[in-house]
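These notes are about the structure you will find just below.
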Amino acid sequence: MSSLNETMPAAAEALIERCREIVDDLSLGEVRRWKQEHPGARAIGYFPVYAPVELVHAAGMLPVGLNGAGDRLDLQYADARFGSFICSIVKTTLEMGLTGHLDPLDGMLFSGICDSARNLAFVFERNVPAKYVEFLHLPQNPASAASTEFLKGEYRRLADALERLGGRKIEEDALRASIAVYNENRRLLRDLYGLRAANPHQVRTSDIYLLQRAGNFLPVETHNELLREGLGSLADREAKPRDSVRIVIEGAFCEQPPLDLIRLVEDAGCYVLDDDFLLGLRWFTGDVPTGGDPLEALASCYLNHSVYSSVRHDFRNRRHKLLVEKTRRLGAQAVLFLIAKFCEPAYFDYVLFKRELEAAAIPHLLLEFEEKAFTFDRLRTEVETFVESLLFD
Amino acid sequence: MGETQASEYRSDIHRQQRDLMLRWYQRLEESAHGGPPAVSLMISGNCVELLEAFGAVPLYPEVNALQLAIRHQSLDPILAAEEMGYAADNCAYVKADIGAMIKGITPAGTELPVPKLVLCNFVGCNTYVKWFEHAAEFQNAPLAMLDVPFLRTAEPRAEDVAYIVCQLKEIVKQLEELTGRRFDYDRFREAMRCSARVEEAWSRIKHLARRTPTPFDAYFDAITLMGPLYVYRGSPEGVAFFELALRELEEKAARGEGIYDQERFRVVMEGPPPYPFFRTFRDMFAAWKATAVASTYSTVGGLWEFGFRHDPDHPFESLAMHMLAHNVTNRNYLQRYDQIRRYIEEWDADGVVIHFVKSCRLFSAGQGDMRGYFTQQLGVPTLYVESDLEDPRYFSEAQIKNRMDAFFEALEHARSTGTLHRGAAAIRHAPGGEIAPAAADRLKILQ
Ligand code: SF4
Ligand code: SF4
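Protein chains in written order, with this note's numbering: chain A, 157 to 549; chain B, -7 to 439.
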């Protein structure tokens, strides 16, 4: 299939193909199926980047991660409501709501990641009125003496609403169990990332991307099984290492680049050692404690043990320093910024990232994408030129 | 269509406004030379009263940015910022401010101090957080983050207030350390008292615009008053200024004087103005003798015309309430629809003008939906025009003027056929009826 000159084991191939089907199904077939199998149970969608899925799970509901519609949906309504200079995912999410694609969802969670997403929450609420819509305020000041208490209160507020919606109480033990099963999910994802970083010639980023993203639509327990399967089979690929540039990808934490663009980056000669795709799925740097008060555990981990992100502010740990640190730790040679068009948080962060990378003499390339793009000739040339400049310097 | 009329109202208020703003820049320059400490603040739901308690001067980058734009000096700094890596589509307020900082340009030509603290009052706008993070970085100044929960429920929650009050007290401690000054609680309460008086006067001024004709324009003239409102709200100078302004405008109203010899159209304005073409934009309204009777932009700093006042007996809590619920930026998007609707009904407007600003997603993301709500659902005439508040490259004069003329021509035609309605009567609801207010739906689902 590609210049990687490889063969993929049949088991792995089938697994990735299955994930691809799940991810490509804009009508959320997996969610519809789950609801049929669980009559009366609710499904709750969430807009990126992060949502406390454990609470939804403990309420007996299916959390569903939404990451836009790629190039698979024509915008009939949402363009007029959002106009120019607004990123694509905001529009495709509304469009999916207006065109019935999100019908299997009983509710939607948003948080204040940026000005566009914040307004989307309320425009969505008005335009898709039959759903429960919640806006969570996740603290942007993690260091106040009141931050944990506040966030606990916010989670309590959400839990109360979910309890009313589902007609059942969220028991503390159930929540602890949910935390445990998501801890496992995140552990497996970290293993998957570790596997790729150690064997970038064997484990393709586009494959682990699909494997991860399928988790958006599956019960976490099922996703955990898929991940275990993937961990067992993906590294069996026969592929010879070749001349490549080892890179870290930054900037695609919310709207997602088209799969073909991810492939293009690899095919053009990049070994991706880390990326921030679907960042919310790997949000915590370690396990969330399963003892004690579970709301406190979730809140405290959000404030103190989250990955760095352009939509979460933590002035104790500066993002631009952390990017340089990560690049060095992984032994990457360069950083590739993949930024969604009109993504203001990513645009802003680029300025400080760039300054810090230049000071550390780490080369970088900036590419803008739109989820709905399907031709990439210009981008391909840019990546190829960049790779050549690094290989033959 | 009549010839363009001079629409601007010139009087003591304007002289004093200029003096006050000049004095502010002088104080900032003194601060740069060992005078009172300066602290950067954002305009939205600001807590300038806290600074008064330290005798500190507020430094508002937004005021600087708009001053640069209105004086046609914003393009150079914007280009300088783009060279640093800022994107064409980043908020140009930020680019103008950072670019000016790097190039050493200041709006009044006076020196600006390095703030003792870059205090990011994160009230609604996420761009603030990035802006202040960058400002602190490039000025090598300490940064404090005051996280104000977004108003996501109908009323603020006790937890929200407690969280803000705790942070305010932490900032007080930090400011004591950084300035070497003690927090003067009496002065703090005195500032709250001044603010409450300023807010009362400002609110009464806004209510004067409910009269026909309105004695002042609640968009263009309101902007003139907004500088002093942010800088001097908690001080006796602020009280004197706003009480004078109220007197002047009350007298004008008592004489039955409007802005034009005859007021023809009354509109509600949504969105910030195009500062680089402020005059030009205003003239387009003047050509139709159209006045703004209310505007959402003039409630960025605070929303007082519906009754909120700072309370000297509960200073911290009332600061928190102000930041949470009583400014347009921290209120949710649908609450903004309600605010505009109230203006139409209670301020007796004929229609709404939405100025989409490319830089500012806080205002503009979703304005197409807002327009749909007013035209299709409520049947209120609505005009939608696009430009920018800071970047002179995004202003198409001919296009905006065409649309504006077409809009007012249509209103005029409707008036001549007896189908133009004003105020509560302007809201006629589309045949399909109104979608129930979203909050009500949410409750239904939860019951
Ligand atoms: S892609 Fe960027 S701008 Fe768009 S919603 Fe996500 S964070 Fe906001
Ligand atoms: S986005 Fe809007 S509110 Fe925010 S800083 Fe820019 S102009 Fe101001």
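Note that the Cβ used here is the ideal one computed from N, Cα and C, for glycine as well.
- Going by C-alpha positions, Ala277 (chain A) is about 14 Å away from Asn322 (chain B).
- For Arg369 (chain A), the secondary structure class from DSSP, reduced to helix, strand or coil, is helix.
- Where Phe277 (chain B) is concerned, the enclosing alpha helix (DSSP H) starts and stops at 270 to 278.
- Here DSSP, grouped into helix, strand and coil, assigns Arg468 (chain A) to strand.
- A Cβ of chain B is located within less than 8 Å of the beta carbon of Asn297 (chain A).
- DSSP, read as helix, strand or coil, puts Ala424 (chain A) in coil.
- Within the region 351 to 377 of chain B, contact with chain A at the beta-carbon level (separation under 9 Å) is assigned to Ser351, Cys352, Arg353, Leu354, Phe355, Ser356, Ala357, Gly358, Gln359, Gly360, Asp361, Met362, Arg363, Gly364, Tyr365, Tyr376.
- Pairing Asn473 (chain A) with Ser300 (chain A), the inter-Cα distance amounts to about 15 Å.
- Rounded to whole angstroms, the separation of the alpha carbons of Pro148 (chain B) and Ala210 (chain B) is 28 Å.
- Between the region 217 to 229 of chain B and the region 325 to 334 of chain B there are fewer than three inter-stretch CB-CB distances shorter than 8 Å, so the stretches are not counted as touching.
- Nearest neighbour of Arg202 (chain B) by Cα position, chosen from B:Trp123, B:Cys186, B:Glu255, turns out to be B:Glu255.
- In the DSSP assignment, Glu406 (chain A) falls within the beta strand (DSSP E) that extends over 401 to 406.
- For the set A:Asn283, A:Ala286, A:Ala488, A:Thr304, the Cα lying nearest the Cα of Leu454 (chain A) is the one of A:Thr304.
- Counting other Cβ atoms within 10 Å of its Cβ, Glu389 (chain B) stays below 16 and is therefore classed as exposed.
- Setting aside the 5 residues that flank it on each side, Ala61 (chain B) is surrounded in the same chain by Tyr267, Pro268, Glu382, each with a C-beta closer than 6 Å to its C-beta; the list follows chain order.
- Nearest neighbour of Glu340 (chain A) by Cα position, chosen from A:Cys243, A:Leu318, A:Val444, turns out to be A:Val444.
- DSSP, reduced to helix, strand and coil, places Ile245 (chain A) within a helical segment of the structure shown.
- Chain A places no beta carbon closer than 8 Å to that of Glu168 (chain B), leaving this residue out of the contacts.
- For Trp339 (chain B), the closest alpha carbon among the candidates B:Leu109, B:Leu200, B:Arg181, B:Gly293 is that of B:Leu200.
- If only uninterrupted beta strand (DSSP E) runs of at least 3 residues are considered, those enclosed by the region 72 to 147 of chain B are 109 to 114, 135 to 139.
- The beta carbon of Cys352 (chain B) lies closer than 7 Å to those of Cys83, Pro264, Leu381 in the same chain, with the five residues before and after it left out.
- Excluding sequence positions up to five before and after Leu295 (chain B), its CB lies within less than 8 Å of the CB of His318, Asn319, Val320, Arg323, Gln331, all in the same chain and listed in chain order.
- Rounded to whole angstroms, the separation of the alpha carbons of Leu434 (chain A) and Ile405 (chain A) is 12 Å.
- For Glu54 (chain B), the shortest separation between its Cβ and any heavy atom of ligand 2 lies below 7 Å.
- Contact annotation: in the region 143 to 167 of chain B, residues whose CB is within less than 7 Å of a CB in chain A are Arg144, Glu151, Ala154, Tyr155, Cys158, Gln159, Glu162.
- Positions of the beta strand (DSSP E) runs, each at least 3 residues long and wholly inside the region 168 to 243 of chain A, are given as 199 to 202, 218 to 221 in order along the chain.
- The alpha carbon of Phe208 (chain B) has as its nearest neighbour, out of B:Arg173, B:Ala232, B:Met184, B:Ser287, the alpha carbon of B:Ser287.
- Short of 6 Å from the beta carbon of Gln59 (chain B), and not among the five residues preceding or following it, lie these beta carbons of its own chain, in chain order: Pro99.
- One residue list follows from the rule of a beta carbon closer than 5 Å to any heavy atom of ligand 2, given in chain order as B:Cys83, B:Tyr85, B:Cys117, B:Thr119, B:Cys352, B:Leu354.
- At a cut-off of 8 Å between beta-carbon atoms, Phe291 (chain A) makes contact with chain B.
- Nearest to Glu538 (chain A) by C-alpha distance, out of A:Leu437, A:Gln192, A:Leu492, A:Ala353, is A:Leu492.
- Distance from the CA atom of Ala370 (chain A) to the CA atom of Gly350 (chain A), rounded to whole angstroms, is 19 Å.
- When the five nearest sequence neighbours on each side are left out, the beta carbons in the same chain lying within less than 6 Å of the beta carbon of Pro501 (chain A) are those of Cys270, Ser466, Val467, in order along the chain.
- Going by beta carbons, His213 (chain A) and Pro219 (chain A) fall inside the 8 Å limit.
- The beta carbon of Arg438 (chain A) sits closer than 7 Å to those of Arg342, Leu345, Arg346, Val463, all from its chain and outside the five residues before and after it, given in chain order.
- Using a Cβ-Cβ cut-off of 7 Å, Asp139 (chain B) is close to Pro295, Gln296, Asn297 of chain A, given in chain order.
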